[in-house]
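For the sequence shown, the working numbering begins at 169 and goes up steadily by one.
Yeah, the Cβ is synthetic: ideal placement off N, Cα and C, and Gly gets one too.
Data first, discussion second: the structure below is written as structure tokens.
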Amino acid sequence: MSKVFEPNREYAKQARIKNMCEYKELRLQSEEDYIGFWDKLAKEKVEWFEPYHTVLDESGAPFYKWFVGGKLNVTHQCIGRHLKTRKNKAALIWEGEDGSRRIITYLLLYYRVNRMANLLKNKFGIKKGDRVILYMPMIPEAMFAMLACAKIGAIHSVVFGGFSAEALRDRIIDSEAKLVITADGAFRRGTPYLLKPMVDKALEQEGCEFCNQVLVVRRNFEHIDIVEGRDFIYNDLIVHESQHCEPEVMDSEDPLFLLYTSGSTGKPKGVQHNSAGYIMWAQYTMEHVFNVTENDTFWCTADVGWITGHSYIVYGPLAMGATTVMYEGVPQYPNMGRWWNMIEELRVNQFYTAPTAIRLLHKTGADEPSKYDLSSLKVLGTVGEPIDPDAWHWYHQEIGGGRCPIIDTWWQTETGGHMIAPLPGATPIKPGSATFPLPGIMAEITDEEGNIMPAGEKGLLCIVKPWPSMIRNIWGDPDRFVSSYFSQCKKDGKPVYFSGDGAMYDDDGYIIITGRTDDVINVSGHRMGTAEIEAAVVHHEQIAEAAVVGCPDPIKGETVFVYAVVNDGVKSDELKVSLNKLLVKEIGPIAKADHVLIVPGLPKTRSGKVMRRLLRNIAKKEPITQDISTLEEPEIIDTIQELYNKQMKS
Ligand code: WT7
169 MSKVFEPNRE YAKQARIKNM CEYKELRLQS EEDYIGFWDK LAKEKVEWFE
219 PYHTVLDESG APFYKWFVGG KLNVTHQCIG RHLKTRKNKA ALIWEGEDGS
269 RRIITYLLLY YRVNRMANLL KNKFGIKKGD RVILYMPMIP EAMFAMLACA
319 KIGAIHSVVF GGFSAEALRD RIIDSEAKLV ITADGAFRRG TPYLLKPMVD
369 KALEQEGCEF CNQVLVVRRN FEHIDIVEGR DFIYNDLIVH ESQHCEPEVM
419 DSEDPLFLLY TSGSTGKPKG VQHNSAGYIM WAQYTMEHVF NVTENDTFWC
469 TADVGWITGH SYIVYGPLAM GATTVMYEGV PQYPNMGRWW NMIEELRVNQ
519 FYTAPTAIRL LHKTGADEPS KYDLSSLKVL GTVGEPIDPD AWHWYHQEIG
569 GGRCPIIDTW WQTETGGHMI APLPGATPIK PGSATFPLPG IMAEITDEEG
619 NIMPAGEKGL LCIVKPWPSM IRNIWGDPDR FVSSYFSQCK KDGKPVYFSG
669 DGAMYDDDGY IIITGRTDDV INVSGHRMGT AEIEAAVVHH EQIAEAAVVG
719 CPDPIKGETV FVYAVVNDGV KSDELKVSLN KLLVKEIGPI AKADHVLIVP
769 GLPKTRSGKV MRRLLRNIAK KEPITQDIST LEEPEIIDTI QELYNKQMKS
């Protein structure tokens, strides 16, 4: 069994939850009086315009409603209410890749957001409930735009800047967005790159005609084409807008945002989060999981295009009144010490990143951290995938000086905020385990009937009671919402939320996440459906049929592995190049395949279903234990295995 790391006693004194007794007491409270537990939190944490009348309405389960009848505006929680006490405090410290900095105080953030909110209303006619797509680099205006939407009750949907024009188009169409907010581009690895041309390409395509307004923020001032009457420059317009704007009065259950994420089948789904429950949990987890205090500087390295950026760059830190850091560029620029240099200069107190980044910086710059003073750090977080022992120990020793707890947070786009994580002042930590569910979160590892799995046996990771920041719906597809999350697992005969992840308890009840149980893969912490990649792969004119699986990788966690049945005469090297071009075009650079294996056929059942599990076994170098006699052509497995061995040798 791995060593247990006890919390630092001195540090624990300032933590909100100071020991395991306090944690257990809270858990007990939530178990004994679930409604009372959440009621107390919602009253304490949220500054309501009008109180709610019902904590939880289960009548439409699994379409749960929280804090029903309550009125609020998330931007009041994140900005407005702080003006009395901290108007001159830095809300955001932004650092450009070139080293330039912008420090935005709460008062200035308030004005920026108001101006942008007014611009959205006055110039683009955006009203409560309208969808706005944000396709932005990591610049302060991405944050302003999210909050401006929230201020007027519009629903933002941020699309990660690394997605292609095709992926952007799909999200514009699915959300029926009225406006796209973008930038000319930004800087990456020291050079300017462009985003706006992708928007042009997306909007030119069939089905996108209804979306005829684009707001462009000038960041790198590179040349871009401007479509007269459709495209407007933010920098020119914003100065004419008033810096005062009344917040729209929102119901607790009015949608705040959509965020598209991959599922095991079909197109990405628009995960819908609503106002009150989401913001309360973003704030609570900032306070308890990172133990952020009044004077702390918190840095989450995610992109705002992912849920981690939403909850822990924008909404959580601001709701708490903390200072949040946003960095434009890559960790390797101008050298491998960039992040550590930023931590030193900004005296960052809590740092939150992904195992894939830790592995990269460990493998390529192990000695870099020792060149910097990292003594300001108090808590280190990770998210997105399990963290392996090597990366854990390096992070703990070299970044955290052996002093900072490593907070391994398990959660998902759908959960809105952390679900399973240690508490920095309380939980004894075991590397590789996200430890225990947070107070109020009824996460269990069960079989399909809800029976708890014994220690050491893999089961399904379920959350057996609704929680305030849970996904409310899949945009425009309530049936898919039910079938994706509430059809696999039950507890006491009632459908419960299934995460799609497998997990296991160790002998001490610690939770160890074992990975997805479905056809979703995790490349550098980015979640992708193999079905989605397959749909793109088969557009390749030389590929007749293909199957995509995940394959272990020392830096990325998993990589994309494509088995392709091709037309005669196709060479594997050339195929890989042209296939990756196609994947970048249809999805984005994150979907690139590291391995392409040309095979004569795919293993199929007699009914024609591709047995991906066998292909996964081969790619992961696992033994095949499944009975293959039911295959249409069982010999194909040996053939594929041989081809695989040959390719791996060469
Ligand atoms: C999937 C969710 C939540 C923000 C980042 C990704 C995997 C997430 C952990 C962790 C092991 C993890 C799961 C999950 N995952 N955190 N600490 N340990 N696996 O959000 O894109 O919605 O992906 O990421 O498989 O289901 P996402």
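I want to know whether the segment 673-680 touches the segment 766-780 - three or more CB-CB distances under 8 Å.
no
What whole-angstrom Cβ distance do I555 and D576 have, given they're in contact under 8 Å?
Cβ-Cβ separation between I555 and D576: approximately 6 Å, consistent with a contact (criterion under 8 Å).
Following the continuous alpha helix (DSSP H) through L427, name the residue where it begins and the one where it ends.
Careful: L427 lies outside any alpha helix (DSSP H), inside the beta strand (DSSP E) at 423-429.
On the DSSP bridge list, what partners appear for Q518?
F466, V547
Check whether the Cβ of D137 sits closer than 7 Å to any heavy atom of the ligand WT7, and report yes or no.
The structure shown does not extend to residue 137, since the chain spans only 169 to 818, so no value can be given for it.
Is it a yes or a no for the segment 461-476 touching the segment 513-521, going by three-plus beta-carbon pairs under 8 Å?
yes
Going by beta-carbon coordinates alone, are G831 and W206 separated by less than 8 Å?
Nothing can be reported for residue 831: it is not among the residues displayed for the chain, which extend from 169 to 818.
Please report the straight-line C-alpha distance between I301 and H763, rounded to a whole angstrom.
Across the structure, I301 and H763 are spaced so that their CA atoms are roughly 33 Å apart.
Going by DSSP in three states, M494 sits in which element: helix, strand or coil?
strand
Spatial neighbours of I166 within its chain, please: CB distance less than 7 Å, with the 5 preceding and 5 following residues excluded, ordered by chain position.
Not covered by the structure: residue 166. The range shown for the chain is 169 to 818.
If you run the structure through DSSP and keep just helix, strand and coil, what is A602?
coil
Mapping the DSSP letters down to three states, classify P305 as helix, strand or coil.
Note: P305 maps to coil in three-state DSSP.
For the beta strand (DSSP E) that contains K539, what are its first and last residues?
Careful: K539 lies outside any beta strand (DSSP E) and carries neither H nor E.
Compute every distance between the C-beta of Q580 and the non-hydrogen atoms of the ligand WT7, then say whether any falls below 7 Å.
yes
How is the beta strand (DSSP E) around N442 delimited, first residue to last?
Taken as a continuous stretch (DSSP letters only), the beta strand (DSSP E) holding N442 covers 437-442.
Are three or more beta carbon pairs between the segment 238-258 and the segment 209-222 nearer than 8 Å?
Three or more beta-carbon pairs drawn from the segment 238-258 and the segment 209-222 are found closer than 8 Å, and the two stretches are therefore classed as touching.
Under the assumption that K627 contacts G438 (Cβ atoms under 8 Å), give the Cβ distance between them as a whole number of angstroms.
Looking at the sequence shown, residue 627 is not Lys but Gly. Contact flag wrong, Cβ pair sits at about 29 Å.
Rounded to whole angstroms, what's the CA-CA distance from A444 to T581? Just pull it up for me.
17 Å
Who are the Cβ neighbours of P622 in its own chain at under 8 Å, not counting the five residues just before and after it?
Shown here for P622: same chain residues with a beta carbon closer than 8 Å to its own, the five before and five after excluded, namely Y673 in chain order.
At the level of alpha carbons, what is the spacing between S479 and L591?
Taking C-alpha positions only, S479 is separated from L591 by approximately 18 Å.
Looking at C-alpha atoms only, which residue of G329, P599, G618, M311 is the closest neighbour of K171?
P599
Hey, out of V734, V716, A732, whose CA is closest to E726's CA?
V716
Distance check for W579 and L545, CA to CA, integer angstroms please.
23 Å
At a threshold of 7 Å, does I475 count as lining the ligand WT7 (C-beta to nearest heavy atom)?
Yes, the Cβ of I475 comes within 7 Å of a heavy atom of the ligand WT7.
Beta carbon of E553: closer than 7 Å to some heavy atom of the ligand WT7?
yes
Quick one: what's got a C-beta closer than 6 Å to D298's C-beta in the same chain, skipping five residues either side?
A322, K346
Closer than 8 Å by C-beta to R784: which residues in its own chain qualify, once you throw out the five before and the five after it? Chain order, please.
V717, G718, E790
Skipping 5 residues on each side, what residues in its chain have a beta carbon closer than 6 Å to that of G693?
A522, T524, G552, E553
Between which two residues does the alpha helix (DSSP H) holding V752 run?
Run containing V752: 740-754, per the alpha helix (DSSP H) assignment.
If you draw a straight line from the C-alpha of D352 to the C-alpha of P230, how long is it?
So the two alpha carbons sit approximately 42 Å from each other.
With R337 as the anchor, note down where its alpha helix (DSSP H) starts and where it stops.
333-343
The beta strand (DSSP E) spanning W262 covers which residue range?
258-263
Please state the DSSP three-state secondary structure of M638.
coil
Measuring only the C-alpha atoms, how far is H586 from R280?
Going from the Cα of H586 to the Cα of R280 covers about 29 Å.
In terms of DSSP beta bridges, what is V326 paired with?
L302
Which ranges would you report for the alpha helix (DSSP H) in the segment 372-434 if only whole runs of at least 4 residues count?
402-405
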